[in-house]
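There are 2 protein chains.
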Amino acid sequence: MSTSAAFQRARRPEQKQQREDAILGAARELALEHGVRNVSLNDIAARIGIHKSALLRYFETREQIFLYLTAAAWLDWGRALHAGLDGVSPGSAGSAGSAGSAGSAGSAGLVADVVARSFTDRPLLCDLIPHTALNLERNVSAEAVRRYKLTSLGVISDAAGVVHRVLPDLTGDECREFVSAMASLAGALWQIANPPPALADLYRSDPELAHACVDLTPRLRRTAAILLAGLIPSRTPD
Amino acid sequence: MSTSAAFQRARRPEQKQQREDAILGAARELALEHGVRNVSLNDIAARIGIHKSALLRYFETREQIFLYLTAAAWLDWGRALHAGLDGVSPGSAGSAGSAGSAGSAGSAGLVADVVARSFTDRPLLCDLIPHTALNLERNVSAEAVRRYKLTSLGVISDAAGVVHRVLPDLTGDECREFVSAMASLAGALWQIANPPPALADLYRSDPELAHACVDLTPRLRRTAAILLAGLIPSRTPD
Numbered sequence: 000m001s002t003s004a005a006f007q008r009a010r011r012p013e014q015k016q017q018r019e020d021a022i023l024g025a026a027r028e029l030a031l032e033h034g035v036r037n038v039s040l041n042d043i044a045a046r047i048g049i050h051k052s053a054l055l056r057y058f059e060t061r062e063q064i065f066l067y068l069t070a071a072a073w074l075d076w077g078r079a080l081h082a083g084l085d086g087v088s089p090g091s092a093g094s095a096g097s098a099g100s101a102g103s104a105g106s107a108g109l110v111a112d113v114v115a116r117s118f119t120d121r122p123l124l125c126d127l128i129p130h131t132a133l134n135l136e137r138n139v140s141a142e143a144v145r146r147y148k149l150t151s152l153g154v155i156s157d158a159a160g161v162v163h164r165v166l167p168d169l170t171g172d173e174c175r176e177f178v179s180a181m182a183s184l185a186g187a188l189w190q191i192a193n194p195p196p197a198l199a200d201l202y203r204s205d206p207e208l209a210h211a212c213v214d215l216t217p218r219l220r221r222t223a224a225i226l227l228a229g230l231i232p233s234r235t236p237d
Numbered sequence: 000m001s002t003s004a005a006f007q008r009a010r011r012p013e014q015k016q017q018r019e020d021a022i023l024g025a026a027r028e029l030a031l032e033h034g035v036r037n038v039s040l041n042d043i044a045a046r047i048g049i050h051k052s053a054l055l056r057y058f059e060t061r062e063q064i065f066l067y068l069t070a071a072a073w074l075d076w077g078r079a080l081h082a083g084l085d086g087v088s089p090g091s092a093g094s095a096g097s098a099g100s101a102g103s104a105g106s107a108g109l110v111a112d113v114v115a116r117s118f119t120d121r122p123l124l125c126d127l128i129p130h131t132a133l134n135l136e137r138n139v140s141a142e143a144v145r146r147y148k149l150t151s152l153g154v155i156s157d158a159a160g161v162v163h164r165v166l167p168d169l170t171g172d173e174c175r176e177f178v179s180a181m182a183s184l185a186g187a188l189w190q191i192a193n194p195p196p197a198l199a200d201l202y203r204s205d206p207e208l209a210h211a212c213v214d215l216t217p218r219l220r221r222t223a224a225i226l227l228a229g230l231i232p233s234r235t236p237d
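Protein chains in written order, with numbering that gives the first Met the number 0: chain X, 0 to 237; chain F, 0 to 237.
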C-alpha cells in the first residue's frame with residue numbers, strides 16, 4: 000500500500016484519528032529516546048513510514064505536535080497529583096521540614112514529596128516544559144496556542160486546588176504560585192540533571208565542576224519544602 | 000577591501016580580538032532586538048559584513064558565540080550583585096516579609112529586591128539562561144563548555160558568598176541553593192513574561208488566559224522572599 004493510498008483511507012474520521020495518534024506516539028517515543036530538541040518532522044515521518052508532506056496534513060508544524068504532547072503530559076501529571084494527594088489529611092504548610100525524619104512526615108512534607116515525584120516520574124513533561132515558552136508556543140497558530148494554554152492553565156488551577164485542600168492555611172493564590180514555581184524549576188533543573196555526554200564526562204572528571212551536578216528528585220523535594228515553609232512567613236502586611 | 004583581505008589582517012592578535020569583539024557585539028545586538036532563538040550565524044555574519052565561513056574561523060558554532068555572551072552576562076550580573084549588596088548591613092533571612100511596608104525593609108527584603116532586579120535589569124542574561132542547558136552547552140567542544148561552566152559556577156559561588164555575608168544565619172549551601180533557584184526561575188519566567196505577539200494578543204483579549212501573564216520583577220521579588228523565608232524553617236533535623 001502506497002503512502003498516498005494510506006492517506007486517502009485516513010480521511011475517514013476514525014482513520015484520521017488513528018493517524019494522528021500514530022504521529023503523536025512516534026514523536027513521544029523519539030523524544031524519550033533522543034530528547035525533544037533532537038526530534039525533527041522528518042524523524043517522526045520516518046518512524047511511521049510516511050512522507051513529511053503527508054504528516055503536515057495532520058499537524059501545522061513540528062511544534063504543534065509537541066504542544067499536543069505537552070497538553071497530554073500536563074493532564075497525566077494532574078491525575079498523578081490527585082492520586083498522590085486526594086487521600087492526605089489536611090495540615091499546615093509549616094510542616095515540611097520534619098518530613099525527612101522517619102514516620103513523622105507532615106502534610107507539607109507529603110505535598111513536597113508528591114509534587115517532586117510527579118515531575119521526576121515524567122521525564123517527557125520535564126523535557127517539554129522549557130521548550131514550551133521557548134519554542135513550541137512560538138511556531139503554531141493563535142488557535143493552537145490558545146487551546147494549549149487553556150489546558151495547561153486548567154491543570155495548574157486544578158493542581159493548586161488539590162494542594163489547597165491539603166494545606167488550607169495557604170491561600171489559593173499561594174498554592175498556584177507554589178505549583179507554577181515548581182513546574183518552572185522542574186523544567187529547568189531536568190535539563191541540568193540530564194547533561195549531554197561530554198558535559199557528564201566533565202562532571203565526573205573535574206572536581207571543580209562537581210557543584211554543577213543536580214540530583215533531581217531530592218533537589219525538587221527540598222525546593223518544594225522551602226517554598227511551602229516560606230509562603231506564610233513572607234506574607235507582606237497589606 | 001575584500002572579506003579575505005580583512006581576514007588576513009585579522010590574523011594579528013589585536014585584530015583577531017577586534018574581530019571577535021565585533022562578532023560578539025553583533026550577536027548581542029541581534030539577540031536583544033529579536034530574541035536569542037531567532038539569531039542565526041548568517042544574521043551575525045551579515046550584521047558585520049563578513050561571510051559565515053569567515054566567522055567560523057573565530058568561533059566553533061553559533062552556540063559558542065552565545066555561550067561567550069552568557070559567560071560575560073554572568074560576570075556583569077555578579078558585579079551588579081556586589082554593587083547592590085556589599086553595603087547592606089547583615090541581618091536575618093526571616094526579615095523578607097516586612098520589606099513591603101514603607102521604610103522597614105529588612106536585610107532579607109533588600110536581598111530579595113536586589114536579586115530580583117539583578118535579573119530583570121538584564122534581559123539578555125534572562126533570555127540566555129534557558130538556552131544554556133537546552134542548546135548552548137550541547138553544541139560546543141568539551142573545552143568550551145568546561146570554560147563556560149567554570150566561569151558561571153564561579154560567579155554563582157561568589158554571589159552565594161555575597162548573600163551569605165548579608166544573611167549569616169543561612170548556611171553557605173543554602174545561599175547557593177537560593178541563588179541557583181533564582182537563576183533558573185528568572186530564565187523560565189522571563190520567557191513567559193515576554194510572549195510572542197500572537198500570545199500577547201491572546202493574553203489581552205481572553206480573560207480566561209489572564210492568569211498566564213507574568214509581571215517579572217514583582218514575581219521574582221516575591222519568589223525570592225518566599226525562598227529566603229523558607230530556608231531555615233524547612234531545615235531537616237539531621
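Heads up, the beta-carbon is just placed ideally off N, CA and C, and yes, glycines get one too.
Starting from residue i, find everything on chain F with Cβ-Cβ shorter than 7 angstroms and list it in chain order.
i	result
serine 91 of chain X	The contacting residues do not exist; serine 91 of chain X stays about 11 angstroms from chain F at best.
alanine 180 of chain X	Leu184, Thr222
What does the alpha-carbon distance come out to for the pair residue i and residue j?
i	j	result
asparagine 134 of chain X	alanine 228 of chain X	34 angstroms
valine 24 of chain F	alanine 45 of chain F	The amino acid at residue 24 of chain F is misidentified as valine; the sequence shows glycine. Straight-line Cα distance between these residues: approximately 13 angstroms.
arginine 145 of chain F	alanine 199 of chain X	11 angstroms
phenylalanine 118 of chain F	proline 236 of chain F	33 angstroms
threonine 216 of chain F	alanine 107 of chain X	28 angstroms
cysteine 212 of chain F	arginine 116 of chain F	19 angstroms
arginine 36 of chain X	serine 151 of chain X	21 angstroms
lysine 148 of chain X	glycine 160 of chain X	18 angstroms
isoleucine 225 of chain X	leucine 109 of chain F	19 angstroms
serine 103 of chain X	proline 232 of chain F	Low confidence applies to serine 103 of chain X: its pLDDT is 39, below 50, so where it sits in the model is not reliable, and the reading given next is rough at best. One C-alpha to the other measures close to 16 angstroms.
alanine 71 of chain F	leucine 68 of chain X	36 angstroms
glutamate 32 of chain X	valine 139 of chain X	24 angstroms
tyrosine 208 of chain X	glycine 93 of chain X	First, the residue type needs correcting, since residue 208 of chain X is leucine and not tyrosine in the sequence shown. One C-alpha to the other measures close to 34 angstroms.
alanine 98 of chain F	arginine 218 of chain F	With a pLDDT of only 43 at alanine 98 of chain F, under 50, the local geometry of the prediction cannot be trusted, and no value is derived from it.
isoleucine 47 of chain F	glycine 77 of chain F	29 angstroms
alanine 4 of chain F	glutamate 13 of chain F	Note that alanine 4 of chain F scores 49 on pLDDT, short of 50, meaning its location in the model is unreliable and no value can be drawn from it.
leucine 185 of chain F	arginine 11 of chain X	Note on identity: in this sequence residue 185 of chain F is alanine, with leucine being the wrong assignment. Between alanine 185 of chain F and arginine 11 of chain X, the C-alpha separation is close to 47 angstroms.
serine 100 of chain F	arginine 234 of chain X	Residue placement at serine 100 of chain F is poorly supported in this model, since its pLDDT is 40, which falls under 50; the coordinates are not used for a value here.
leucine 169 of chain F	histidine 163 of chain F	7 angstroms
lysine 15 of chain F	aspartate 75 of chain F	23 angstroms
proline 206 of chain F	proline 206 of chain X	51 angstroms
leucine 80 of chain X	alanine 158 of chain X	7 angstroms
aspartate 126 of chain X	methionine 181 of chain F	20 angstroms
serine 52 of chain F	aspartate 85 of chain X	59 angstroms
List the residues of chain X whose Cβ lies closer than 8 angstroms to the Cβ of residue i, in chain order.
i	result
glutamate 207 of chain F	Leu149, Leu152
threonine 60 of chain F	Near threonine 60 of chain F there are no residues of chain X at all, since even the closest Cβ is about 13 angstroms away, more than 8 angstroms.
arginine 145 of chain F	Leu201, Asp205, Leu208
Give the C-beta separation of residue i and residue j to the nearest angstrom, bearing in mind that I take them to be a contact with Cβ-Cβ under 8 angstroms.
i	j	result
serine 179 of chain X	isoleucine 155 of chain X	6 angstroms
glycine 105 of chain X	valine 165 of chain X	No, glycine 105 of chain X and valine 165 of chain X are not in contact; Cβ-Cβ is about 10 angstroms, not under 8 angstroms.
alanine 39 of chain F	arginine 56 of chain F	At residue 39 of chain F the sequence reads serine, which differs from the alanine that was named. With a Cβ gap of about 17 angstroms, serine 39 of chain F and arginine 56 of chain F do not count as contacting.
alanine 132 of chain F	glutamine 190 of chain X	4 angstroms
arginine 221 of chain X	aspartate 112 of chain X	Arginine 221 of chain X to aspartate 112 of chain X, Cβ: 11 angstroms. No contact.
Counting only Cβ pairs nearer than 7 angstroms, list the residues of chain X close to residue i.
i	result
glutamine 190 of chain F	Ala132, Leu133
alanine 211 of chain F	Lys148, Leu152
I want to verify the contact list: residues of chain X whose CB lies under 9 angstroms from the CB of residue i, in sequence order.
i	result
glycine 186 of chain F	Pro129, Ser183, Ala187
alanine 141 of chain F	Ala197, Leu198, Asp200, Leu201
Considering Cα atoms alone, identify which of the options is closest to residue i.
i	options	result
leucine 201 of chain X	F:Thr216, F:Leu230, F:Arg137, F:Thr235	F:Arg137
histidine 130 of chain F	F:Ala30, F:Glu13, F:Asp20	F:Ala30
proline 167 of chain F	F:Arg11, F:Ser88, F:Tyr57	F:Ser88
arginine 18 of chain F	F:Phe58, F:Gly153, F:Thr222	F:Phe58
isoleucine 49 of chain X	X:Ala21, X:Leu66, X:Ala223	X:Ala21
arginine 175 of chain F	F:Asp214, F:Val114, F:Ala141, F:Pro122	F:Val114
proline 196 of chain X	X:Asp112, X:Gly34, X:Glu28, X:Ala26	X:Gly34
proline 122 of chain X	X:Ala158, X:Arg220, X:Leu188	X:Leu188
alanine 143 of chain X	X:Leu74, X:Ile64, X:Ser52, X:Gly86	X:Ile64
alanine 192 of chain F	F:Asp75, F:Met181, F:Asp214	F:Asp214
leucine 124 of chain F	F:Ala111, F:His81, F:Arg27	F:Arg27
glycine 83 of chain X	X:Gln16, X:Asp120, X:Ser52	X:Asp120
alanine 223 of chain X	F:Asp172, F:Phe177, F:Asp157	F:Phe177
isoleucine 128 of chain X	X:Asp42, X:Leu66, X:Asp172	X:Leu66
Given that residue i touches chain F, what residues does it touch there, using C-beta distances under 8 angstroms?
i	result
glutamate 32 of chain X	None at all; the shortest Cβ gap to chain F is about 16 angstroms.
serine 233 of chain X	Ala95, Gly96, Arg221, Ala224, Ile225, Leu227, Ala228, Gly229
glutamate 136 of chain X	Pro194, Pro195, Leu198
Which residues of chain F have a Cβ atom closer than 9 angstroms to the Cβ of residue i, listed in chain order?
i	result
arginine 36 of chain X	Leu133, Asn134, Arg137
Tell me whether residue i counts as near the ligand GDP, meaning its Cβ is closer than 6 angstroms to at least one heavy atom of that ligand.
i	result
leucine 208 of chain F	The ligand content of the structure shown is nil, which means the ligand GDP is not present either.
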